[in-house]
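Read the structure below first, then the notes.
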């Protein structure tokens, strides 16, 4: 049964999908001069901004991507010398990752360019609008953490 709030949530999710597609496309163009893609930038950022070293599953969960997708990008970043793989005493088959010196320097360059863009683009919003959007997106993500099971009832 469609209600006003369910329609608004549906429209929000569609807008979120559209924004995600546009951001990935934009991110690919933005990071191309640095030899990156949106996917690689996303993984570098997850590692750079983490308070501790992460495993592939932890990176995937943090960034909302599949473990296989994260692992593919991790392998490419390792090949490019942007990451280092470290032994994980807690799980021998799931190494920890950190940025290499080269990876840290590259992430810092991209991040500086991003900060300039964020400052310019941020002028289009109020602080309250962005805070509300952030809260809403986090709540949408939280409500959809588990795969849907038993939600297909026609009631």
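Numbering (UniProt numbering), first residue to last: 1 to 155. We put the CB at the ideal spot given by N, CA and C, even for glycine. Predicted, not measured: the structure shown is a model, and the values here were computed from it.
Exposed unless 16 or more other CB atoms sit within 10 angstroms - verdict on residue i
i           : result
residue 140 : exposed
residue 138 : exposed
residue 124 : exposed
residue 74  : buried
residue 2   : exposed
residue 155 : Only weak support is given to the placement of residue 155: the predicted model assigns it a pLDDT of 45, under 50, and the question is left unresolved by the model.
Identity of the residues DSSP links to residue i by a beta bridge
i          : result
residue 24 : Answer by DSSP bridge pairing: none, since residue 24 is not bridged.
Cβ-Cβ distance between residue i and residue j below 9 Å
i           : j           : result
residue 34  : residue 116 : no
residue 103 : residue 86  : no
residue 67  : residue 56  : yes
residue 107 : residue 44  : yes
Proximity test, residue i beta-carbon vs the ligand HEM heavy atom, cut-off 8 Å
i          : result
residue 91 : For the structure depicted, the ligand HEM is absent and the ligand set is empty, with no information on it obtainable.
For residue i, the nearest candidate out of the options (CA to CA)
i           : options        : result
residue 62  : 9, 144, 75, 47 : 47
residue 54  : 129, 98, 1     : 98
residue 144 : 88, 64, 134    : 64
Where the alpha helix (DSSP H) containing residue i begins and where it ends
i           : result
residue 138 : 127 to 143
Endpoints, the beta strand (DSSP E) within which residue i is located
i          : result
residue 98 : 96 to 99
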